[in-house]
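When you read off a place in the sequence shown, starting at 1, and then add 223, the result is the number in this note's numbering.
Ideal Cβ placement from N, Cα and C applies to all residues, glycine included.
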Amino acid sequence: MLYTKRVEFILQELQLGKSVKVADLSKTLQVSVDTIRRDLKALEQEGLIKYVRGGACLPDSMLSFSNFTGREIVNAQLKREASRKALAYIKEGDIVAINSGTTNTVLAQELAGLNKRFTVVTNNYAALTILLQNPLIKLISIGGDVDGLERSSYGAQCVREFDEYIPDIAFLSINAVNAADGFTDFRLNEIPIIKLLAKNSKRVIAVMDSSKFNKISKRKVLALGDVDLLITDSQAKHLETFIKEGLNVK
């Protein structure tokens, strides 16, 4: 793997977590430990990371932009598997809407690696930070009140600005789904945004890891029929329940 691709991967991993380990990077990227150490030292000289024994972390000056404050991205690999499936549905020139949530932050990592020109409109500031790495992607940041915990905007202004767009695809990060109640979420500020994107978008795709299946959250958001496609990971079970209700699941 070329140096530029390794660096891109390392920086993306740091944006989703507090640190990376030399041994893990060597195994994942299939290069020697010495190569990874040289990469990390080069990145430190550029001021992009802080090299520590056995690995690296982001500099203190960048930590406030890297993570969801006080939250951990759980099931990151399952989210990544689902996110990679989602890439197949993006065409050159598309307008893609992304709402807030850790799944869509992982999706942003995968989008940043695409060699296509398309537009992303989002209220997800964590995703914006990642997508800035790809100059082919046109970014439109939706304003409004800022939720520091969710790293996103919300409120009346946010809804008004989103309502100006008719996205080709909306990738929705939602908290839970079951056959009886449909899609539910605990983020009350995010619910009007999810509903609007589902109404305005030409294609509505929920990207959810399998841990969210057959669960219920605080408030109903969408019926199963409001979503064109549900993308998940290979660990998902009992999908026939959703398929019987007419939901397309991949």
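Look up residue i in the DSSP assignment and give the residues it is bridged to.
i	result
Ser376	Val369
Phe394	Ile321, Ile428
Ile360	Phe341
Phe436	Val400
Phe406	Val400, Leu445
Out of the options, which has the shortest C-alpha to C-alpha gap to residue i?
i	options	result
Lys302	Cys280, Ile272, Lys250, Phe394	Phe394
Gln380	Glu373, Asn423, Asn346	Asn346
Asp391	Val344, Tyr226, Asp317	Asp317
Asp404	Ile439, Ile363, Arg426, Glu413	Ile439
Ser433	Asn423, Phe409, Arg442, Ala399	Ala399
Leu271	Ile363, Gln356, Gln458	Gln356
Use the C-beta contact count for residue i: other C-beta atoms within 10 angstroms, 16 or more gives buried, fewer gives exposed.
i	result
Arg374	buried
Leu411	exposed
Ile389	exposed
Asn471	exposed
Thr328	buried
Ile417	buried
Asp386	exposed
Gln268	exposed
Gly278	buried
Glu315	exposed
Can you tell me the Cα-Cα spacing of residue i and residue j, whole angstroms?
i	j	result
Arg294	Glu468	Note that Arg294 has pLDDT 43, beneath the 50 cutoff, so the model's placement of it is unreliable and the number below is only indicative. One C-alpha to the other measures close to 34 Å.
Gly378	Val254	46 Å
Gly336	Thr227	12 Å
Asp456	Ala309	11 Å
Leu225	Phe341	25 Å
Asp262	Thr352	22 Å
Ile428	Lys473	10 Å
Lys264	Arg229	13 Å
How about residue i: is its C-beta nearer than 7 Å to some C-beta of chain B?
i	result
Ile439	The chain inventory of the structure shown lacks chain B, comprising one protein chain alone.
Start-end ranges of the alpha helix (DSSP H) lying completely within the region 233 to 261, minimum 4 residues: 245 to 252
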